[in-house]
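Chemist: Just dropping this structure here.
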Amino acid sequence: MEKMSKEELLKMLNHALELEHAAYIQYLSHAELIEGENAEPIIERLKEIANDEKNHQDKFRSLIGMLGGIPSMS
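Here the sequence shown is numbered in the numbering used here, starting from -12 and rising by one per residue.
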């Protein structure tokens, strides 16, 4: 197996950051759309999952920074 370059690793980490951000937005958006009598537990769960995605973003940003990269949201 060939060793991955730092640039390749940073590219992959930034891609993962972008995916986590997209998931975060998606969960929050869905939470805004839920309606009905039993909606509150579902809304709260979606917000919890969104928060998990935000925490993942923070970890990716930290890793990228530790490697001397710049977090990307393109």
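Glycine is no exception: its CB is placed at the ideal position from the N, C-alpha and C atoms.
1) Relative to the alpha-carbon of G55, which residue among D39, E40, E(-11), N1 has its alpha-carbon at the smallest distance?
2) Judging by CA-CA distance, which residue of N25, G23, A18, E5 is the nearest neighbour of K41?
3) Alpha carbon to alpha carbon, how far is E27 from K(-7)? Give it in angstroms, no decimals.
4) Sorted by chain position, which residues of the same chain lie with C-beta nearer than 7 Å to A3's C-beta, five sequence neighbours on each side aside?
5) Tell me where the alpha helix (DSSP H) around N1 begins and ends.
6) Counting along the chain, where does the alpha helix (DSSP H) carrying K46 start and finish?
7) Going by C-alpha distance, which of M(-12), E(-11), G23, L(-3) is nearest P58?
Modeler: Per the coordinate set shown:
1) The shortest Cα separation from G55 among D39, E40, E(-11), N1 belongs to N1.
2) E5
3) 44 Å
4) F47
5) -7 to 20 is the span of the alpha helix (DSSP H), which, as asked, contains N1.
6) In this chain, the alpha helix (DSSP H) harbouring K46 covers 26 to 53.
7) L(-3)
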